[in-house]
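Peer 1: Take 1 as the starting number for the sequence shown in the UniProt record's numbering and just add one per residue. Every residue, glycine too, gets a C-beta built ideally from N, C-alpha and C. Sending over a structure as structure tokens; questions will come in a sec.
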Amino acid sequence: MSTSRRFDEYLEYLSQGFRHKHHIAGLRDYCTGLMRPLERKSTNAIAEDLQPARAAAMRQALHHFVARAPWCDDELLRQVARWVAPQMAGLSRSGWWIIGCNTFPKRGSQPVGVARQNHEASGRYDKCQIAVSVSLACESASLPVGWRLYLPRAWADDPIRRRKAGVPADVQFATRPKLALQQVEKLLAGGTPSRPVLADVSYGMDPEFRQGLIDLGLPYVLGVTSQARIWRPQAEALPSTGYRETGRLPSQTWRTADHYPISVRALAMEMPAHALQTISWREGNGNLRSSRFGVARVQHADSHACWARLQPLQWLLLKWPLGEPEPVRYWLSTLPEDTSINDLVAAAHYHWRTDRDHEELRQDFGLDHYSGRGWRGFHHHTTLCTASYGFNLGERLASERDLATRRLSIYPESGA
């Protein structure tokens with residue numbers, strides 16, 4: 001079957017969630033345009049490329065489909081995942097949900113959510129939009145399964161800007177960790193199989209995000225800063241004495257002058273040199289890297305001055321390259337107690353998977369090419385870029401699987 005025919009079947013599968021014929025046509029035309037080698041993947045450029053003789057009419061139709069049509073982003077993303085996930089080798093053994101923070105540089109002040117905020121790519125505060133994403137990932141690939149634009153408080157509290165941008169009434173200010181947790185909860189509510197969660201320091205240092213994952217029963221590997229507070233392994237958090245009126249043991253701990261948490265850096269500096277192990281892992285380009293790592297079983301301590309919620313034992317992983325005066329990175333993880341240090345290190349460095357695939361979304365599918373100003377259009381565009389990327393990803397995975405099968409048939413395993 002030709003690639004063109006498979007693409008038609010893919011779009012037909014995705015269109016099952018659309019009720020109107022003109023929405024189905026918009027899905028086909030917009031995704032086709034995003035797959036084309038255009039310098040700028042805007043509605044204007046797509047219309048000129050696909051139907052130059054009636055570009056104005058197509059441009060208007062595409063603009064309505066992306067910016068105004070009331071179809072469901074979450075449902076389309078679920079359809080994309082149902083198509084692609086079965087082809088992601090290793091997903092059943094080691095799948096993850098990876099939280100990402102995506103920046104979209106902007107010049108004007110009218111696009112929804114734009115503000116001077118931390119632009120992660122440049123490391124500076126620039127005028128941009130920021131979207132929180134959740135990606136389903138395994139060794140072979142990753143696929144975004146959730147997108148949500150971060151709405152700064154200046155936007156969330158401004159009724160005039162909200163109305164002009166079409167921000168839904170139920171969308172209120174929420175921190176980026178809160179947005180990530182909401183997306184994870186939505187995935188679980190939709191019946192998506194649960195996965196361990198990976199996220200960087202900006203999420204790992206948020207106590208509500210960590211506790212939310214624990215309450216959902218989701219293991220995690222989260223980056224933390226050197227000042228993250230923990231209880232020493234030999235001096236775990238002690239429950240406060242006495243019973244509540246309900247008769248149950250209290251769920252909080254009491255800190256005293258002789259019993260208090262310390263920073264992860266303080267614990268690391270107490271580690272003897274022989275406690276560090278040299279571990280190797282592979283990066284996205286296939287290169288083998290190695291460094292020294294240390295681990296300990298600890299209890300995390302939240303930021304309350306006196307009372308702290310009793311936390312389960314979890315892993316502290318630290319990265320301390322040879323020649324450095326102190327560790328350069330830290331993680332906390334609730335992966336099982338029998339998890340090897342090699343697996344912890346591999347998981348902690350797994351962000352390369354989504355970083356590389358998000359870059360492909362930008363370069364090949366126009367993720368950051370949307371020039372509209374509205375809430376609905378932003379989310380429709382990111383969803384449609386994901387749909388186009390999903391087909392390309394599925395084709396690549398199928399091709400790699402077929403190549404592996406042919407190699408096995410030519411070079412069978414010994415004893416076969």
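Could you tell me the alpha carbon to alpha carbon distance between K21 and R68, rounded to whole angstroms?
Peer 2: Straight-line Cα distance between these residues: approximately 15 angstroms.
Peer 1: Considering just the uninterrupted stretch of the beta strand (DSSP E) at N102, what are its terminal residues?
Peer 2: Unbroken beta strand (DSSP E) run through N102: W96 to P105.
Peer 1: Given that a residue counts as buried once 16 or more other Cβ atoms are within 10 Å of its Cβ, and exposed if not, what is D29?
Peer 2: Buried, by the Cβ-count rule.
Peer 1: So, with DSSP's three-state summary, where would you put G217?
Peer 2: Coil at G217, not helix or strand.
Peer 1: DSSP three-state call for S368: helix, strand or coil?
Peer 2: Residue identity check: residue 368 is Asp in the sequence provided, not Ser. In the structure shown, D368 sits in coil (DSSP, three-state: anything other than H, G, I, E or B).
Peer 1: Rounded to the nearest angstrom, what separates P159 and V184 at their Cα positions?
Peer 2: Their Cα atoms are separated by approximately 28 angstroms.
Peer 1: I'd like the list of long-range same chain contacts for A213, defined as Cβ closer than 6 angstroms, with 5 residues on each side in sequence excluded.
Peer 2: Note that residue 213 corresponds to Leu in the displayed sequence, not to Ala. Excluding sequence neighbours, L213 sits near V197 and Y220.
Peer 1: Is the region 44-58 in contact with the region 126-144, if contact means three or more CB pairs nearer than 8 angstroms?
Peer 2: These segments do not touch.
Peer 1: Considering only their Cβ atoms, is the gap separating R210 from L222 smaller than 8 angstroms?
Peer 2: Cβ distance < 8 angstroms, so L222 and R210 count as in contact.
Peer 1: Assuming K368 and R362 form a contact by the criterion Cβ under 8 angstroms, report the distance between their Cβ atoms to the nearest whole angstrom.
Peer 2: Per the sequence shown, residue 368 should be read as Asp rather than Lys. With a Cβ gap of about 5 angstroms, D368 and R362 count as contacting.
Peer 1: If we count the other Cβ atoms within 10 Å of its Cβ and call it buried at 16 or more, is S4 buried or exposed?
Peer 2: S4 is exposed by the Cβ-count criterion.
Peer 1: Going by DSSP in three states, F173 sits in which element: helix, strand or coil?
Peer 2: Here F173 sits in coil by DSSP.
Peer 1: Using DSSP's beta-bridge definition, name the partner residues of L318.
Peer 2: Bridge partners of L318: G294 and Y330.
Peer 1: Is P233 helix, strand or coil by DSSP?
Peer 2: The answer is coil: DSSP assigns P233 none of H, G, I, E or B.
Peer 1: Just to confirm the assignment, what range does the alpha helix (DSSP H) spanning R28 have?
Peer 2: First-last of the alpha helix (DSSP H) with R28: K21 to M35.
Peer 1: Look at V224 and W331 and say whether their C-beta atoms are less than 8 angstroms apart.
Peer 2: Yes, these two residues count as a Cβ contact at 8 angstroms.
Peer 1: By the three-class DSSP mapping on this structure, what secondary structure does D302 have?
Peer 2: Of the three classes helix, strand and coil, the one that applies to D302 here is coil, per DSSP.
Peer 1: Is any heavy atom in the ligand NAP found nearer than 7 angstroms to the beta carbon of P321?
Peer 2: Ligands in the displayed structure: none, and consequently the ligand NAP is not present.
Peer 1: Provide the residue span of the alpha helix (DSSP H) that contains A67, from first to last.
Peer 2: A67 -> alpha helix (DSSP H) spans A55 to A67.
Peer 1: Start and end of the beta strand (DSSP E) containing D126?
Peer 2: Unbroken beta strand (DSSP E) run through D126: R124 to A137.
Peer 1: Between which two residues does the alpha helix (DSSP H) harbouring T43 extend?
Peer 2: Looking at the DSSP string, the run of the alpha helix (DSSP H) that includes T43 is T43 to L50.
Peer 1: Our contact map puts L216 next to L188 with C-beta atoms below 8 angstroms; I'd like the distance itself, whole angstroms only.
Peer 2: Indeed they touch by this definition, with Cβ atoms about 7 angstroms apart.
Peer 1: Count the C-beta pairs between the region 285-303 and the region 320-340 that are closer than 8 angstroms, then say yes if the count reaches three, no if not.
Peer 2: Contact between the region 285-303 and the region 320-340 is present, because at least three Cβ pairs lie under 8 angstroms.
Peer 1: Which residues mark the beginning and the end of the alpha helix (DSSP H) in which Q79 is found?
Peer 2: Element bounds for Q79: D73 to V84.
Peer 1: Return helix, strand or coil for S194, following the three-state DSSP convention.
Peer 2: Looking at S194 - three-state DSSP - the assignment turns out to be coil, as it is neither helix nor strand.
Peer 1: By the 10 Å Cβ neighbour count, where 16 or more other Cβ atoms means buried, how is L288 classified, buried or exposed?
Peer 2: L288 is exposed by the Cβ-count criterion.
Peer 1: Whole angstroms is fine: what's the gap from R373's alpha carbon to F18's?
Peer 2: Looking at the two C-alpha atoms, the distance is approximately 24 angstroms.
Peer 1: Please identify the residue among G377, L181, L316 and A301 whose C-alpha is closest to the C-alpha of M271.
Peer 2: Per the Cα distances, L316.
Peer 1: Assign R148 to buried or exposed, taking buried as 16 or more other Cβ atoms, counted over all protein chains shown, within 10 Å of its Cβ.
Peer 2: Counting Cβ neighbours within 10 Å, R148 comes out buried, since at least 16 surround it.
Peer 1: Three-state secondary structure (DSSP) at residue 417?
Peer 2: With the chain running from 1 to 416 in the structure shown, residue 417 is simply not present.
Peer 1: Taking the alpha carbon of S333 as the reference point, which residue from I262, S135 and A348 has its own alpha carbon closest?
Peer 2: Residue A348 is the option with its Cα nearest to S333.
Peer 1: Does DSSP classify Y243 as helix, strand or coil?
Peer 2: Low local confidence applies: a pLDDT of 47 at Y243 is under 50, so the model's placement there is unreliable, with the coordinate-based value given in what follows. In the structure shown, Y243 sits in coil (DSSP, three-state: anything other than H, G, I, E or B).
Peer 1: Which residue comes first and which comes last in the beta strand (DSSP E) that contains V145?
Peer 2: S142 to L149 is the extent of the beta strand (DSSP E) around V145.
Peer 1: Would you kindly work out how many angstroms separate the C-alpha atoms of D357 and T383, rounded to a whole number?
Peer 2: Cα-Cα distance, rounded: 15 angstroms.
Peer 1: Could you check where the alpha helix (DSSP H) with R265 kicks off and where it finishes?
Peer 2: Segment V264 to E270, the alpha helix (DSSP H) holding R265.
Peer 1: I believe S371 touches S42 by the beta-carbon criterion, under 8 angstroms. Please report the beta-carbon distance rounded to the nearest angstrom.
Peer 2: That belief holds up - the Cβ atoms of S371 and S42 are roughly 6 angstroms apart, short of 8 angstroms.
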